[in-house]
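J.:
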Amino acid sequence: VTGVEALLDSLAAVEQDSTQAQVLRRMMGPDAVRQQLNLSFGVYPDRPVSVGDTWTDESAVRLGVPMQIKATYTLDSIRSTQAVIDARMDLSPVEGDSTIQMGGMSMKMNLTGDMEGKILLDVPSGLPSESTLRMEMSGTGTVERGPATQGSSMEMELKSEGTIERKIRAREKER
Numbered sequence: 001v002t003g004v005e006a007l008l009d010s011l012a013a014v015e016q017d018s019t020q021a022q023v024l025r026r027m028m029g030p031d032a033v034r035q036q037l038n039l040s041f042g043v044y045p046d047r048p049v050s051v052g053d054t055w056t057d058e059s060a061v062r063l064g065v066p067m068q069i070k071a072t073y074t075l076d077s078i079r080s081t082q083a084v085i086d087a088r089m090d091l092s093p094v095e096g097d098s099t100i101q102m103g104g105m106s107m108k109m110n111l112t113g114d115m116e117g118k119i120l121l122d123v124p125s126g127l128p129s130e131s132t133l134r135m136e137m138s139g140t141g142t143v144e145r146g147p148a149t150q151g152s153s154m155e156m157e158l159k160s161e162g163t164i165e166r167k168i169r170a171r172e173k174e175r
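Pasting the structure below:
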């Protein structure tokens, strides 16, 4: 994953509050992007499916804080050599593991949300060619200890949309 750090640096330069910049780094840093890639490309059912069929998957990922994901996929259509998969995911906190360290503070995060989008699969290769996902999360962060007043909390809302495309590069012929 390249370019993520530069993007986060530019966002942090605009964001005056270093605490919020740290939250952005945790939720949208290279590790979070890698996990979102895995979500985008880990969509295979455990059985053959036809148009209209649905399958589910559950996993835990770290999107700044550990989150449980319950995903539902539906084979929407097959056009020529491309399968279109509708993806819907519910995000909830992993019980007992929602505290993060940020700016000298320990904060308990309580975030929930959802993701939805489309995943295009190249049928002959079985590989994803494109994935577009929109994510919305909201909730609170409550200070457990640190320089801020213990027990104080802040409302949070995070929205993101991303498209991941797979590009095939032809290897240069060896001379």
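Residues in the sequence shown are numbered from 1 upward in steps of one, following this note's numbering. C-beta: ideal position from N, C-alpha, C; glycine also.
1) Count the CB pairs spanning the stretch 51-58 and the stretch 92-103 that are closer than 8 Å, and state whether there are at least three.
2) Answer with buried or exposed for Ser131, where buried requires no fewer than 16 other C-beta atoms within 10 angstroms of its C-beta.
3) Taking the alpha-carbon positions, what's the Ala71 to Val43 distance?
4) When the Cα atoms are used, what is the spatial distance from Gln57 to Pro45?
5) Where do the ends of the beta strand (DSSP E) carrying Arg166 lie?
6) List the whole-angstrom C-beta distance separating Thr140 from Gly151, where the pair is believed to meet the contact cut-off of C-beta under 8 Å.
7) Let me confirm a value: Ile85 is counted as buried when at least 16 other C-beta atoms fall within 10 Å, else exposed. Which label applies?
8) With the cut-off set at 8 Å, would you say Arg134 and Glu116 are in Cβ contact?
9) What number of angstroms, rounded off, separates the C-alpha of Leu91 from the C-alpha of Glu157?
10) At a threshold of 7 Å, does Ser153 count as lining the ligand NAP (C-beta to nearest heavy atom)?
11) Which stretch, first to last residue, makes up the beta strand (DSSP E) that contains Gln150?
12) Looking only at its own chain, which residues have a Cβ that is under 6 Å from the Cβ of Leu121, when we skip the five neighbours before and after it?
13) Evaluate Glu155 with the Cβ neighbour count: other Cβ atoms within 10 Å of its Cβ, from every protein chain shown; 16 or more gives buried, anything less gives exposed.
14) Gly126 to Asp114, Cα distance in whole Å?
15) Alpha carbon to alpha carbon, how far is Asp76 from Asn110? Give it in angstroms, no decimals.
16) Taking the straight line between their C-alpha atoms, what separation do you get for Pro48 and Pro124?
T.: Reading it off the structure:
1) no
2) buried
3) 9 Å
4) Checking the sequence shown, residue 57 turns out to be Asp, not Gln. The straight-line gap from Cα to Cα measures roughly 8 Å.
5) From DSSP, Arg166 is part of no beta strand (DSSP E); its letter is neither H nor E.
6) Not confirmed; about 11 Å, so no contact.
7) buried
8) yes
9) 14 Å
10) Annotation note on the ligand NAP: not contained in the displayed structure, which lists no ligands.
11) First-last for Gln150: undefined, no H or E at that position.
12) Ala83 and Pro128
13) exposed
14) 26 Å
15) 33 Å
16) 15 Å
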